[in-house]
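If you count the sequence shown from 1, position 471 lands on 529 in the working numbering, and the numbers rise without skipping.
Below is one structure, written out as structure tokens; the observations come after it.
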Amino acid sequence: MILKYLSPLLPLLYLLQPLLAAERPNVVLIMADDLGYECIETYGGTSYQTPHINQLASHGMRFEHVHAQPVCTPSRVKIMTGKSNATNYYKFGNLDRSQVSFGTLFKNAGYKTAIAGKWQLGSDSDSAQHFGFEQSCLWQQSLGATYNDGHDTRYSNPTLEYNGVVNKFNDGEYGPDVVSDFICDFIEENKDVPFFAYYPMLLPHTPWTPTPDSEEWDPTYQGELGKGEKVYFADMIAYMDKMVGKVVAKVEELGLAENTIIIFTGDNGTSEGITSQFRGASYQGGKAKTKDNGTHVPFISRWDGMVMPDSECFDLIDFSDVLPTICEVANASIPTDLEIEGVSFLPQLKGEIGNPKDFIYCWYSKFANYANAKQHTRNKRHKLYITGNFYDIINDPKEKSPLAIESLAADELASYELLKNALDEIKASSKLEKFKANCGGSAITSDTGMEFSPDRFYAGGDARSNKIIIEGTTGMELYSTCRRKTAFDYHVPVVNGDYDVNLYFAETKYNNVGERVFNIDVEGVQVGSNFDIYAKAGKDTELIETFSTSVTDGQLDISLASVIGPVELYGLDIHKSVPPAPEQTPFGGNAMTIPGLIEGEHYDEGGQDFAFNDDNKRSGDGAFRPEDMVDVTKKNKGSNGYNVGYLKKGEWLEYTVNVTAGIYDIDFLYFCAVSTPGALQVSLDGEVLAVIDGLTHQGNWGKQGIVTFPNVTVEGGNNKILRLEVVNGAGFNIDAVEFKETGL
């Protein structure tokens, strides 16, 4: 740690400040899009003016050796989860929903949370909220980067999504203004409580277009076609800097500077199309490259009273270190099972030595190709790739001349051995195994299956992905195609247990390809091989094979590998195996008798939120457990009634009954607490006897209604299961049911 500015009394003051600072400071994280450190004046850039970022550095700490991933999605996944891409990255433009982000950790710690700016991490309308952000204003969430005609959607007259709801702006708005306003409004609204504001900026990513401060700005323009003109890059840098200043000014205006840590960084190197002047030489952007100009980003932190003004840190930092650092700042706990790989640099922010890294590790593949991912370990001077190439990146920043290992000087050899040992240890670990991406949705908890999107799994080759319903097959029209000699790998979250797996295939797109053969693995065991789809599947769909398996690790793994020809998956039907139902016995020991008023206790309930009420035996909270043997069948009306309620759609009561064959009128004595029309159904041993709908609230709380199912034919028998079910609506209390013979 080197401090550029230090007055005689300042060290003592800053040692005392931790005692005075609030225990739960606010956190504002700002991340520019496509911005290498060479673009910022305080780092030595001379092509652009960045006065607000310069001022941020003069009030805080500038980090000299911070590295992101070479492109946006990998960096966003890494900074939000505190993990290397080697352990949780599976597809460009997505963050797997099984991951836990810093948004969730802050929300769990009681912080108010918001995100505004670029998303590009999954198209679900609730994706931001799923990852812990209570409020969101995002670009490229459910919609793409351009309209169908190719016009950009982020800058002039943008399309943004507020908490998952699409908003198209048409009155000359500028996207960066809208999202920065959102962040500033969030800060002001939550100035009296701890907050976390994550601002992944839109600027200065292509297309390079005029800003509202440019002479050529046209408020009627509906978005750029293509990459735009590089001449506007300087204008976009200036506007980016202006937006940073705007957020910082809001924090200062509200008097929050001493209780807020502000961090500014970039998500990867500048675009290759941009060459800037940096420290007396030309510097070309290196986005998408693992060279320094692709990963070296600015990183500045201000926290008045805690971070020394105008200070510098020369320790190695990468994006996995951000999450543990800001969580430590906020005292937000990190569950140990998350296996965070980053290391907190909060001590360095405070001017302490901390626990600096000897090296950092980079695993990079934009499209999650685990077989050909670029990997390296590096320190501040040297970089060692998994290929064996070893570079002096101070003297050879473009990595044109790898060093000959046999000719290394002593200090170079020591560096090489450090990086090689680290890389060997990583290679021997599980870090390089393919990440098993969550197929989406919540875990299967019953035998009803689930809905998931195959775009949340990794394919072992060229594959097309579409949304598939795996709960059944009727009416499905979308497909996912696995090319020849490639594979689909599905990883479906499930509750541990036994499962039946049905596979459906179709031939609509490839009717004349001849033999199509594939193999199937379930839970790592080959359960089927050399199936010829062409011979079995029709143009619609046909069940090819059914398998059973057990799951013990909470994730059902299915692999479909094409041997010959393309494999076109029509659907998956995954159900939890249902064991034989136990013998049903009456709750009170005796079956009830039909005809007559049902005399006895309820047998079973199909829900979780029932209240068992008996006014004559009322307990302190007015509710009883089932074992209290509440009689729900007596026709006592008014305040002395008995009932089981608050039943809603899909919930039921069951009774064991002995039935005399005949034709009956069935009376329901019920109360409905809500006005939305509902429906009640009576069934016997699974056969529906009657349904009446259009049932609503009777007008006054506690006022019962009687509804009659007339002339219902009932077959006789003993120990039958009578079910009283709410098939629509909610708020039903069931007071009594009576079967009366009609005499017909």
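For glycine and all other residues, C-beta sits at the position ideal for the given N, C-alpha and C.
Bear in mind that the values here come from a model prediction, so they are computed numbers and not experimental data.
Own chain, CB closer than 6 Å to residue i, minus 5 neighbours either side, in chain order
i: Ala748; result: Val740, Phe767 and Val770
i: Leu742; result: Lys778 and Leu780
i: Glu783; result: Trp710 and Gln739
i: Tyr341; result: Glu96 and Ser334
i: Lys494; result: His549
i: Lys432; result: Thr348 and Tyr422
i: Ala390; result: Leu163, Phe164 and Ala167
i: Thr39; result: Shown here, the chain extends from 59 to 802; a query on residue 39 therefore has no answer.
i: Thr607; result: Tyr557, Val580 and Glu581
i: Ser116; result: Asp368
i: Asn225; result: Leu218
i: Thr435; result: Phe417, Tyr419, Leu442, Leu477, Ala480 and Leu481
Contact set for residue i: own chain, Cβ-Cβ below 8 Å, skip 5 residues either direction
i: Asn786; result: Lys707, Pro735, Gly736, Ala737 and Asp751
i: Gln187; result: Ser194, Asn221 and Gly222
i: Ile652; result: Val715, Asn716, Val717, Thr718, Tyr722, Val772, Leu780 and Phe797
i: Lys288; result: Trp266, Gly331 and Ile332
Proximity below 9 Å, CB of residue i to CB of residue j
i: Ile724; j: Lys634; result: no
i: Lys489; j: Ser142; result: yes
i: Gly94; j: Thr445; result: no
i: Leu381; j: Leu196; result: no
i: His123; j: Phe372; result: yes
i: Gly281; j: Tyr232; result: no
i: Asn317; j: Val355; result: no
i: Thr100; j: Ile111; result: yes
i: Tyr256; j: Thr171; result: yes
i: Asp376; j: Tyr419; result: yes
i: Asn84; j: Phe240; result: no
i: Val158; j: Ile321; result: no
i: Ser238; j: Ala174; result: yes
Per DSSP, the bridge partner or partners of residue i
i: Lys201; result: The sequence shown places Leu at residue 201, rather than the Lys named in the question. Note: Leu201 sits in no beta bridge, so no partner.
i: Gly555; result: Val609
i: Trp177; result: According to DSSP, Trp177 bridges with nothing at all.
i: Trp421; result: Gln433
i: Cys371; result: Phe121
i: Arg360; result: Ile320
i: Trp710; result: Glu783
i: Asp182; result: Answer by DSSP bridge pairing: none, since Asp182 is not bridged.
i: Glu247; result: In DSSP, Glu247 forms no bridge with anything.
i: Gly654; result: Phe797
i: Val365; result: In DSSP, Val365 forms no bridge with anything.
i: Gly103; result: Phe336
i: Gln187; result: Per DSSP, none; premise fails for Gln187.
i: Cys195; result: Ala174 and Tyr220
Three-way DSSP call (helix, strand, coil) for residue i in this model
i: Asp454; result: coil
i: Val401; result: coil
i: Ala521; result: Note that Ala521 scores a pLDDT of 34, beneath 50, so its modelled location is shaky; the value from the coordinates is reported in the next line. If DSSP states are grouped into helix, strand and coil, Ala521 belongs with the strands.
i: Ile411; result: coil
i: Pro640; result: For Pro640, the pLDDT reaches just 47, beneath the cut-off of 50, and the residue's location in the model is therefore unreliable, leaving the point undetermined.
i: Ser214; result: strand
i: Asn166; result: helix
i: Thr478; result: Looking at the sequence provided, one finds Lys at residue 478 rather than Thr. Correct three-state label for Lys478: helix.
i: Ile632; result: strand
i: Val380; result: helix
i: Phe254; result: strand
i: Leu490; result: helix
i: Val621; result: strand
i: Glu274; result: coil
i: Leu442; result: strand
i: Lys149; result: coil
i: Glu659; result: Summary for Glu659: the model assigns pLDDT 46, below 50, so the residue's position carries little reliability, and this model does not support an answer.
i: Phe406; result: Looking at the sequence shown, residue 406 is not Phe but Gln. Helix.
Close beta carbons around residue i, own chain, < 7 Å, minus the five adjacent residues each side
i: Val401; result: Asp379, Pro382, Asn413 and Lys415
i: Gly303; result: His110
i: Val365; result: Gly118, Met119, Ser359 and Leu407
i: Glu192; result: Lys165, Lys170, Thr171 and Ala172
i: Gly286; result: Thr264, Pro265, Trp266 and Thr267
i: Phe448; result: His440, Leu442, Pro460, Leu461, Ile463 and Tyr474
Alpha helix (DSSP H) segments (min. 4 residues) lying fully within the stretch 286-357: 291-311 and 350-353
query: Going along the chain, which unbroken runs of the beta strand (DSSP E) with 3 or more residues stay wholly within the stretch 108-147?
result: Whole beta strand (DSSP E) segments, 3+ residues: 119-125.
message: If we require 3 or more residues per run, which beta strand (DSSP E) segments fall completely within the stretch 713-785?
response: If we require 3 residues or more, the beta strand (DSSP E) runs fully inside the stretch 713-785 come out as 720-730, 736-742, 745-753 and 763-772.
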